[in-house]
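Undergrad:
4 protein chains.
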Amino acid sequence: MMQAAVRIFAEKGYQAATVRDIVEAAGVAIGTFYFYFPDKETLFVHLYEETADFLLQTIGQSLNSRATMPKQYQTALNAYVNIAVYEPAIIQLLLIGGVGAVPALEEKRAAFRERLTQVWQRPLLQALDKNQIAAQNDRRTAEALTGAFDEVILNLLKQPDPGEDASNTVHDMTQFAIRATAYRGE
Amino acid sequence: MMQAAVRIFAEKGYQAATVRDIVEAAGVAIGTFYFYFPDKETLFVHLYEETADFLLQTIGQSLNSRATMPKQYQTALNAYVNIAVYEPAIIQLLLIGGVGAVPALEEKRAAFRERLTQVWQRPLLQALDKNQIAAQNDRRTAEALTGAFDEVILNLLKQPDPGEDASNTVHDMTQFAIRATAYRGE
Amino acid sequence: MMQAAVRIFAEKGYQAATVRDIVEAAGVAIGTFYFYFPDKETLFVHLYEETADFLLQTIGQSLNSRATMPKQYQTALNAYVNIAVYEPAIIQLLLIGGVGAVPALEEKRAAFRERLTQVWQRPLLQALDKNQIAAQNDRRTAEALTGAFDEVILNLLKQPDPGEDASNTVHDMTQFAIRATAYRGE
Amino acid sequence: MMQAAVRIFAEKGYQAATVRDIVEAAGVAIGTFYFYFPDKETLFVHLYEETADFLLQTIGQSLNSRATMPKQYQTALNAYVNIAVYEPAIIQLLLIGGVGAVPALEEKRAAFRERLTQVWQRPLLQALDKNQIAAQNDRRTAEALTGAFDEVILNLLKQPDPGEDASNTVHDMTQFAIRATAYRGE
DNA sequence: TATGAATGAGAATTCATTCAT
DNA sequence: TATGAATGAATTCTCATTCAT
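Residue numbers (my numbering), protein chains in the order written: chain A, 1 to 186; chain B, 187 to 372; chain C, 373 to 558; chain D, 559 to 744.
1. At a cut of 8 Å, does the stretch 8-15 of chain A reach the stretch 92-110 of chain A through at least three beta carbon pairs?
2. Would you decide whether lysine 412 of chain C is buried or exposed? Buried here means 16 or more other CB atoms lie within 10 Å of its CB.
3. Under 7 Å Cβ-Cβ, which residues of chain C neighbour threonine 704 of chain D?
4. So if DSSP puts isoleucine 736 of chain D in a beta bridge, which residue, or which two residues, is it bridged to?
5. Roughly how many angstroms lie between the CA atoms of threonine 51 of chain A and valine 305 of chain B, to the nearest whole one?
6. Under DSSP, the alpha helix (DSSP H) around valine 660 of chain D begins and ends at which residues?
7. From which residue to which residue does the alpha helix (DSSP H) around glutamine 630 of chain D run?
8. Fully enclosed by the stretch 3-53 of chain A, which alpha helix (DSSP H) runs are 4 residues long or longer?
9. Is it the case that the stretch 234-253 of chain B contacts the stretch 342-354 of chain B, given that we only count it when at least three CB pairs across the two stretches are under 8 Å?
10. Comparing alpha-carbon positions, which option in B:Phe219, B:Leu310, B:Ile277 and B:Thr228 lies nearest lysine 257 of chain B?
11. At the level of alpha carbons, what is the spacing between arginine 301 of chain B and threonine 332 of chain B?
12. Does chain C have any CB closer than 8 Å to the CB of threonine 609 of chain D?
13. Which residues in chain A have a C-beta closer than 9 Å to the C-beta of tyrosine 365 of chain B? List them in chain order.
14. Could you spell out where the alpha helix (DSSP H) holding glycine 519 of chain C opens and where it closes?
15. Determine the burial state of tyrosine 631 of chain D: buried for a count of at least 16 other Cβ atoms within 10 Å of its Cβ, exposed for fewer.
16. Quick check on the burial criterion: 16 or more other C-beta atoms within 10 angstroms. Buried or exposed for phenylalanine 591 of chain D?
17. Per DSSP, which residues does isoleucine 505 of chain C bridge with? Please list them.
18. Mind listing the chain D neighbours of valine 471 of chain C? Cutoff is C-beta to C-beta under 8 Å, in chain order.
19. Is there a Cβ of chain C sitting closer than 8 Å to that of methionine 731 of chain D, yes or no?
20. Which residue's Cα is closest to the Cα of leucine 47 of chain A: A:Ile83, A:Glu24, A:Met69 and A:Ile90?
21. Roughly how many whole angstroms lie between the Cα atoms of threonine 169 of chain A and isoleucine 269 of chain B?
22. Suppose the cutoff is 7 Å on Cβ atoms and the five residues either side in sequence are ignored; what does the same chain contact list for alanine 148 of chain A look like?
23. In whole angstroms, what is the alpha-carbon distance linking isoleucine 711 of chain D and aspartate 393 of chain C?
24. So, for valine 391 of chain C: in the same chain, excluding its five sequence neighbours on each side, which residues have a beta-carbon less than 7 Å away from its beta-carbon?
25. Does DSSP classify arginine 252 of chain B as helix, strand or coil?
26. If you measure between the beta carbons of threonine 174 of chain A and isoleucine 133 of chain A, is that distance less than 8 Å?
27. What is the DSSP secondary structure of methionine 559 of chain D, counted as helix, strand or coil?
28. When the Cα atoms are used, what is the spatial distance from tyrosine 266 of chain B to tyrosine 369 of chain B?
29. Residues in the same chain with beta-carbon distance under 7 Å from arginine 379 of chain C, minus the five sequence neighbours each way, listed in chain order, please.
30. Within 10 angstroms of its Cβ, does aspartate 150 of chain A collect 16 or more other Cβ (buried), or is it exposed?
31. Work out the CA separation of alanine 693 of chain D and arginine 737 of chain D for me, nearest whole Å.
32. Can you tell me whether glutamate 515 of chain C is buried or exposed, with buried defined as 16 or more other CB within 10 angstroms of its CB?
33. What does asparagine 640 of chain D reach in chain C if we use C-beta pairs closer than 9 Å?
34. Hey, valine 28 of chain A and methionine 2 of chain A: beta-carbon distance below 8 Å or not?
35. Under a Cβ-count criterion, where at least 16 other Cβ atoms within 10 Å of its own Cβ denotes burial, should asparagine 622 of chain D be classed as buried or exposed?
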């Protein structure tokens with residue numbers, strides 16, 4: 001039922017998704033929903049947090065290597081795109097599903113954006129330490145990259161066959177990041 | 187009443203905003219709403235399109251000069267940030283208000299994203315023509331810049347006093363765009 | 373609609389009475405209910421308090437004369453029985469409708485019982501002052517009379533034609549009160 | 559489980575008490591409830607009747623002595639108050655728990671009130687036979703005493719420590735009954 | 001005997017929309 | 001033009017009851 005819920009929430013967003021939609025997608029009765037979850041909001045928050053944690057951890061781990069900044073971004077973007085292609089609902093839930101919902105959600109969403117920005121900022125800080133990129137407002141660069149990656153991925157998902165263009169997308173985004181940070185190598 | 191509607195839709199999003207909210211904010215009766223607009227959805231779509239047109243035109247005009255690409259982006263981003271600071275409702279309506287709403291909206295929203303991407307892509311195409319930026323997937327760069335700008339602006343609006351940081355934000359985004367496109371001047 | 377609500381609440385009690393029952397009895401739509409009242413509980417509390425005030429005031433005024441205690445009780449019991457016969461819903465609402473309901477109600481109910489007891493206690497206190505009744509625990513006598521009168525009235529309302537026996541009931545209850553207080557006259 | 563049910567029904571009343579409340583209080587599963595009882599209503603009616611029988615029998619036996627009317631009432635009221643103090647759930651179930659519930663209950667409740675009235679009426683009839691009390695509408699006196707006793711006992715149970723005031727209450731009620739029946743002794 | 005996951009009818013409440021004035 | 005009382009479909013959530021294990 002949780003898979004069905006993720007799918008429905010991803011498709012319609014929190015407000016438009018009804019409990020009936022979810023249980024119908026899961027093939028169970030309404031009562032069953034309330035047997036497992038206290039209410040719609042709690043489930044959504046739970047799903048949102050769990051999904052956010054998964055995404056942040058996956059991207060974060062890809063960035064943990066000692067490789068160069070380009071390699072780090074490439075690896076992490078590859079992981080991100082893979083999730084988008086094979087589990088698009090996850091991306092849609094995080095990037096679309098929780099917008100304009102209840103206040104409790106708005107807060108979670110803001111926290112997720114913040115953590116995501118900080119994840120993408122890490123390679124920047126390391127590269128700055130090693131003097132491999134130009135001096136810049138690294139926080140703002142991180143914000144910009146965060147928005148850039150998400151937008152490109154959402155555009156990728158709009159295509160009829162996202163998988164086909166996945167590796168190109170990773171390549172383009174990596175190059176974009178290298179340029180945008182003025183990476184000058186070792 | 188339309189101003190009130192923009193404000194309410196921007197604050198709460200399409201779903202959460204009720205017709206009652208809007209008419210109360212406008213100081214009229216519910217019946218008056220339905221005298222002027224056929225229904226809530228039509229009004230929202232109308233407002234969304236009108237607002238999108240305004241934003242696209244404002245940004246587009248700022249890009250129409252014969253100036254260099256950096257100057258173009260700087261001017262346009264300045265206009266964008268000004269709107270965000272002085273009419274935050276417009277930005278919130280476009281970037282947040284219409285997410286996860288009715289299908290008819292989703293379509294308009296997609297069209298707006300597409301047009302916005304094409305607007306930001308124009309300086310790129312001109313610069314490529316003049317061989318002022320490196321060869322690149324300019325469509326994807328445009329998508330990335332579109333997402334980058336929006337994310338930075340939404341972060342700006344989260345600050346207690348967005349106006350204070352406005353010019354810095356314009357500067358940072360402009361530099362980001364210059365780097366991200368590998369602009370090498372004339 | 374309020375009359376219909378009193379009737380339904382009196383018939384079924386707070387819990388068993390549904391909003392649908394009420395609006396059907398009133399011949400309006402469900403939405404109309406919520407146009408006039410914020411929710412079922414608020415309406416019930418309002419009705420309960422208003423009805424309690426009415427009953428207490430009616431009985432209280434009947435006791436306000438300078439007459440002798442028997443005359444006071446007779447007049448007040450006559451008023452009480454009249455309400456029971458001509459507006460049985462009022463009595464049922466107060467004595468039955470609010471039992472075992474929400475906590476907010478339980479409190480109102482307790483307050484009503486307390487006030488009713490105090491009303492019936494007043495003639496006792498005056499008579500004690502004038503040394504017309506034997507020394508006794510007047511508070512407890514008042515409680516007992518309160519319960520006694522209510523029980524007799526509820527039994528009266530169970531009869532096929534309560535009106536027929538009304539004056540006898542008033543007489544019997546008055547005599548009961550005279551005996552129970554050991555009234556010895558002037 | 560039946561003890562738990564009595565306690566829960568007494569606390570919350572028939573409507574508000576859920577089967578889940580009962581099985582949780584009893585430490586068994588929901589299925590177990592339906593293995594032993596056909597449904598909630600049947601259990602309640604059964605419990606109500608059983609409890610009513612117990613109370614009526616206890617009071618009835620206390621009245622069966624050949625003692626004088628005052629002694630009879632004193633003994634029976636003592637038994638009644640003892641039950642109230644040591645098993646308040648029994649009193650609450652009978653006097654409150656079943657109000658405003660299902661129709662089947664209303665009937666049982668009416669039957670219980672009728673039997674209780676008849677029990678309290680018995681000493682009156684004997685005393686009338688022996689010419690020890692004044693001529694009066696003995697049925698109505700019995701109703702009044704029934705209501706009086708219940709009201710006083712419910713007030714007793716509202717006190718923080720009902721046991722403390724128990725013997726006073728028995729004394730006061732006995733005196734009340736003696737006065738109310740105009741008992742003149744042998 | 002005992003369990004507890006699963007069910008779905010029914011209850012309260014919301015809100016877009018209509019229409020007589 | 002403007003009003004706002006009235007509507008009822010749709011939504012969330014509860015809870016008595018069933019049944020396979």
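Idealized CB from N, CA, C, for every residue including glycine.
TA: Looking at the coordinates:
1. yes
2. buried
3. Glu523
4. Answer is none; isoleucine 736 of chain D lacks a bridge partner.
5. 33 Å
6. Run containing valine 660 of chain D: none; DSSP gives neither H nor E here.
7. 627-644
8. 19-26 and 30-36
9. no
10. B:Leu310
11. 10 Å
12. no
13. The sequence given here places arginine at residue 365 of chain B; tyrosine does not occur at that position. Per Cβ cutoff of 9 Å: Ala134, Gln136, Thr141, Arg179, Ala180, Thr181 and Ala182.
14. 510-530
15. buried
16. buried
17. C:Tyr555
18. Gly571, Ile654, Val657 and Gly658
19. yes
20. A:Ile90
21. 32 Å
22. Phe176
23. 35 Å
24. Ile402, Phe405 and Lys412
25. coil
26. no
27. coil
28. 21 Å
29. Ala397 and Ala461
30. buried
31. 13 Å
32. buried
33. Going along chain C, no residue has its Cβ under 9 Å from asparagine 640 of chain D, so there is no contact; the nearest lies around 18 Å.
34. no
35. exposed
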